[in-house]
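**Student:** If you're matching positions, the sequence shown starts at 1 in the UniProt record's numbering and goes up one per residue.
Every residue, glycine too, gets a C-beta built ideally from N, C-alpha and C.
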Amino acid sequence: MFARYLRRGVAAGVAAGIAYAAYMVFVGNPLSEYVHEAGSEAGHDHGHAHAHEAGGHAHEAGTVVSETTVAAVSAGSGLLWAILLGGVFAVALYFLEPAVPGPSAAKPYLLAAAGFLTVSGVPWLVLPPAAPGAEHAYGIDARLGIYVGLVALGAITVAAAAAAYERGRSHGVGAGLAAGALPFAVVVALSLAAPTVTTHPGLPTDLVSAYRALAVLSQAALWLLVAAAFDALGRRGTAPTTEPTGPSDDALVG
């Protein structure tokens, strides 16, 4: 059973990873490059304009190679991340499936939502996705420690929401959903008082907001794709077959 779950998870990760790799190549990388160029232009020292023009041809010569390398690395890393995510998702579902509320068909999607909120949603309330050229108030070690703490907070919040939903459900589904949303409302309210740890000087606020929104949506979509592929593979594996598994009646009669 465990091995079957793990195989399904890895296969689901491959399926989701192909789509995520394509997103990185055709959307994520061009957007990051655009944001990087926008930040460079905003902070550009016009006194170096002539020197920049002189070296323009050398830069252009290496652009194709650089873009190809970046695209290959991004696609490969995106695929590997999705495969890892699919494997971890399968292991988590194998052990936590009895504790996940709701019907069996919905459990992969509920766990995917819980996973996204734990590792991305809640931490990003304080440490949002940083666009190229961002300035950080703390060093990388401090940010990593904060992120780990926020992941733990996300896991606690998800567990509290599930427990609150189960208690509130006795008074109706609406009451259960309202009770389950309360822990997240508390975390969002607390995050509003957190200091700003990442800034983007020189970049328009709308551009930064769009970059962050796309990062959030892409990760949420990746979790959804993993759950959907895992569910589809499971249903395909349990579908009844119409092919005969032994000698036909005609063969026995003849």
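For Gly-154, does the count of other Cβ atoms within 10 angstroms reach 16, so buried, or fall short, so exposed?
**Tutor:** buried
**Student:** Measuring only the C-alpha atoms, how far is Val-70 from Ala-179?
**Tutor:** 45 Å
**Student:** Would the segment 128-148 count as touching the segment 191-201 if we require 3 or more Cβ pairs under 8 Å?
**Tutor:** yes
**Student:** Name the one or two DSSP bridge partners that Thr-199 has.
**Tutor:** Paired residues: Glu-135.
**Student:** How big is the Cα-Cα spacing for Ala-12 and Val-216?
**Tutor:** 20 Å
**Student:** Whole angstroms are fine: how far does the CA of Leu-110 sit from the CA of Ala-220?
**Tutor:** Ala-220 and Leu-110 have their C-alpha atoms spaced approximately 12 Å apart.
**Student:** What is the DSSP secondary structure of Ala-152, counted as helix, strand or coil?
**Tutor:** Three-state result, Ala-152: helix.
**Student:** Report yes if the CB atom of Tyr-23 is closer than 8 Å to the CB atom of Ser-218, and no otherwise.
**Tutor:** In contact: Tyr-23 and Ser-218 (Cβ atoms closer than 8 Å).
**Student:** Are the CB atoms of Val-10 and Ile-83 nearer to each other than 8 Å?
**Tutor:** yes
**Student:** Am I right that Glu-166 and Pro-101 are in contact with their C-beta atoms under 8 Å? What's the rounded C-beta distance?
**Tutor:** 6 Å
**Student:** Classify Pro-123: buried if its beta carbon has 16 or more other beta carbons within 10 angstroms, exposed otherwise.
**Tutor:** Result: buried.
**Student:** When you compare only the Cα positions, how much space is there between Ala-183 and Thr-68?
**Tutor:** Per the sequence shown, the amino acid found at residue 183 is Pro instead of Ala. Going by the C-alpha atoms only, they are around 45 Å apart.
**Student:** Taking the straight line between their C-alpha atoms, what separation do you get for Ala-98 and Lys-107?
**Tutor:** Note that residue 98 is Pro in the sequence shown here, rather than Ala. Here the C-alpha atom of Pro-98 lies approximately 9 Å from the C-alpha atom of Lys-107.
**Student:** On the premise that Val-35 lies in contact with Leu-125, defined as a C-beta separation below 8 Å, what is that separation, rounded to the nearest angstrom?
**Tutor:** With a contact defined as Cβ atoms closer than 8 Å, Leu-125 and Val-35 miss out at about 21 Å.
**Student:** Identify which residue in Arg-236, Leu-203, Pro-128, Phe-89 has its Cα closest to the Cα of Ser-191.
**Tutor:** Pro-128
**Student:** For Ala-51, name the three-state secondary structure that DSSP assigns.
**Tutor:** Low confidence applies here, because Ala-51 scores a pLDDT of 39, under 50, leaving its location unreliable; read the following figure in that light. In this structure, Ala-51 counts as helix in the three-state DSSP scheme.
**Student:** Could you compute how far the alpha carbon of Glu-37 sits from the alpha carbon of Val-14?
**Tutor:** 32 Å
**Student:** What does the Cβ neighbour count give for Gly-28, buried or exposed, with the cut at 16 atoms within 10 Å?
**Tutor:** buried
**Student:** Let me know the secondary structure DSSP gives Val-100 once reduced to three states.
**Tutor:** coil
**Student:** Would Arg-8 and Phe-230 be called neighbours here (beta carbons separated by less than 8 Å)?
**Tutor:** yes
**Student:** Exposed or buried, Phe-2, counting other C-beta atoms within 10 Å across all chains shown (16 or more means buried)?
**Tutor:** exposed
**Student:** Buried or exposed, going by whether 16 or more other CB atoms sit within 10 Å of the CB of Ala-227?
**Tutor:** buried
**Student:** With a cut-off of 8 Å on the beta carbons, I'd call Ala-159 and Gly-78 a contact; round off their distance for me.
**Tutor:** Rounded, the Cβ-Cβ distance is 29 Å, inconsistent with contact.
**Student:** Just verifying my parser: in three-state terms, what is the DSSP assignment at His-59?
**Tutor:** Note that His-59 scores a pLDDT of 45, beneath 50, so its modelled location is shaky and nothing firm can be said.
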